[in-house]
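Let me begin by presenting the structure, written as structure tokens, before commenting on it.
Below you can see the structure in the form of structure tokens.
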């Protein structure tokens, strides 16, 4: 039993074979997935997927790259969707200093607003952090994100940053990069991450693991992530699958 805690099955890359891709993942033992709705276009398609498949859940939020597009009423829309039984987190939210699509001050404002919303609703948050480690940690602390906790999605920071996030009650989630030959830091951080705070994901169709790197990623490949995590942790595949699935069920409040 595997749990892909972060995927984008509604992405256009799956338009020609979405149903087959989802079935392929399920046949590989990926019995639960969380699809991420992160802007005005993907929130509705994420909700449609969650309502169409018993084993697909939803996270809804506003991506930092799209922060500048957020309008009055969008926060209320997210809050309303969080009442849905299949919505298990607010995300992905955070900061992205790699793509210059939204000014930093706007990203900060939208990030803070969504942490506040999560605290008011008691919902965990899924954090997107690209080249913004210090600011992400600082804002999480200032906005008391420890009250809800959540997931550092596709964690790419140092152990020092990871430890700060763990201390705030967050889980660290790892994907395809841990299978890359030269990905020294993510492997080291995963080894140090406590087993009860470890999650796995694909972020498909992105971050495809070895040996399929360069091709479209899909949720079935979370099995490759689990295999590498097991190797790094020195446990068997069944054990890492069981633990990461149980961690996800507890983190997202899924029965």
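Residue numbers (this note's numbering): 42 to 296. C-beta atoms are modelled at their ideal positions from N, C-alpha and C, and glycine is treated no differently. Quick caveat, the model's predicted, so the values are computed rather than measured.
Starting from the Cα of residue i, find the closest Cα among the options and give me that residue.
i	options	result
residue 57	221, 284 and 257	257
residue 219	129, 111 and 242	242
residue 95	127, 80 and 104	127
residue 229	248, 210 and 274	274
residue 55	234, 91 and 245	245
residue 121	85, 290 and 226	85
residue 143	277, 111, 133 and 130	111
residue 213	104, 201 and 221	201
residue 156	171, 141, 178 and 140	178
residue 231	279, 48 and 207	207
Does the beta carbon of residue i sit closer than 8 Å to a beta carbon anywhere in chain D?
i	result
residue 68	Among the chains in the structure shown there is no chain D, since it carries only a single protein chain.
Reducing DSSP to helix, strand and coil, say where residue i ends up.
i	result
residue 43	strand
residue 66	helix
residue 170	strand
residue 239	strand
residue 121	helix
residue 128	strand
residue 295	coil
residue 71	strand
residue 209	coil
residue 157	helix
residue 163	coil
residue 116	helix
residue 151	helix
residue 258	coil
residue 76	strand
residue 56	coil
residue 191	strand
residue 272	helix
residue 176	helix
residue 214	strand
residue 48	strand
residue 146	helix
residue 203	helix
So residue i and residue j are in contact, right, with Cβ under 8 Å, and what is the actual spacing, rounded?
i	j	result
residue 158	residue 119	7 Å
residue 169	residue 187	Rounded, the Cβ-Cβ distance is 19 Å, inconsistent with contact.
residue 134	residue 102	4 Å
Apart from the five residues just before and just after residue i, which ones in its own chain have a Cβ nearer than 6 Å to its Cβ?
i	result
residue 173	136 and 138
residue 149	none
residue 107	80
residue 234	213
Sorted by chain position, which residues of the same chain lie with C-beta nearer than 8 Å to residue i's C-beta, five sequence neighbours on each side aside?
i	result
residue 66	45, 74, 259, 260, 261 and 263
residue 70	42, 43, 264 and 282
residue 98	73, 74, 75, 76, 91, 127, 128, 129, 293 and 295
residue 277	271
Which same chain residues end up closer than 7 Å to residue i when comparing Cβ atoms and leaving out the 5 residues on each side of it in sequence?
i	result
residue 83	51
residue 116	154 and 158
residue 248	195, 216, 217, 218 and 258
residue 189	159, 160, 163, 164, 165 and 166
residue 185	160
residue 147	108 and 109
Exposed or buried, which one is residue i when buried takes at least 16 other CB atoms within 10 Å?
i	result
residue 216	buried
residue 164	buried
residue 250	buried
residue 236	exposed
residue 199	exposed
residue 182	exposed
residue 175	exposed
residue 227	buried
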